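The structure under discussion appears below in the form of structure tokens.
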Ligand SMILES: [Zn+2]
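Numbering (our numbering), first residue to last: 10 to 192.
Given below as structure tokens:
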């Protein structure tokens, strides 16, 4: 048996086998997520220490298969949860940022006929027929990051100040990904 999260396999095979993958991995296993967190923490005020955050676990599951509602679609569903350290954009203090995302994707390859999307499913564009599920998890987590993270009690202050918040690492990384995902 290989490692279903890391093995590169044909997406059609994962779908045909209704592959289920349980996830309990350290943040360090997810390259882009770890890089985004690292970049964000560089803004932390001096004296704050996020500790061994790379060892924090990402937990969840993936399920490949077909959906009853859309029999022709190759579907990836799942749930991902992690609590990340983050820099509060208001006070530059350390905060805990729970990130939780549900996946409901229709997987589309480069050769698929373009057609209207299915209700309830987002389209996930695949560059090739072979995929590593861990890459999808990594990207899905980065896309689930909030544009701006701040302590709850800092947010209230923020709202009255109309602070410009366009240059945080989370926001720029996410913008790059959204750009890359366009057609
Ligand atoms: Zn704060």
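For every residue, glycine included, the Cβ atom is placed at its ideal position computed from N, Cα and C. For clarity, every value in this text was computed on a predicted model and none was experimentally measured.
### Task
Check residue 48 in the structure and name its three-state DSSP category.
helix
### Task
Taking residue 149 as part of the alpha helix (DSSP H), name the residues at either end of that continuous run.
142-153
### Query
What residue from 102, 64 and 103 has the CA that sits closest to residue 36's CA?
64
### Task
Check residue 39 in the structure and name its three-state DSSP category.
coil
### Query
By DSSP, does residue 90 sit in helix, in strand, or in coil?
strand
### Query
Is there contact here, the region 72-82 with the region 101-111, by at least three beta-carbon pairs under 8 Å?
no
### Message
Within 10 Å of its beta-carbon, does residue 139 have 16 or more other beta-carbons around it, so buried, or fewer, so exposed?
### Response
exposed
### Message
ligand 1 and residue 102: does any heavy atom of the ligand fall closer than 7 Å to the residue's C-beta?
### Response
yes
### Query
Within the present structure, is the beta-carbon of residue 105 separated from the nearest heavy atom of ligand 1 by less than 7 Å?
no
### Query
What is the DSSP secondary structure of residue 53, counted as helix, strand or coil?
coil
### Task
Mark residue 107 as exposed unless 16 or more other C-beta atoms lie within 10 angstroms of its C-beta, in which case mark it buried.
exposed
### Query
How many Å lie between residue 60 and residue 147 at the Cα?
21 Å
### Query
Sorry if obvious, but does the Cβ on residue 99 come closer than 7 Å to a heavy atom of ligand 1?
yes
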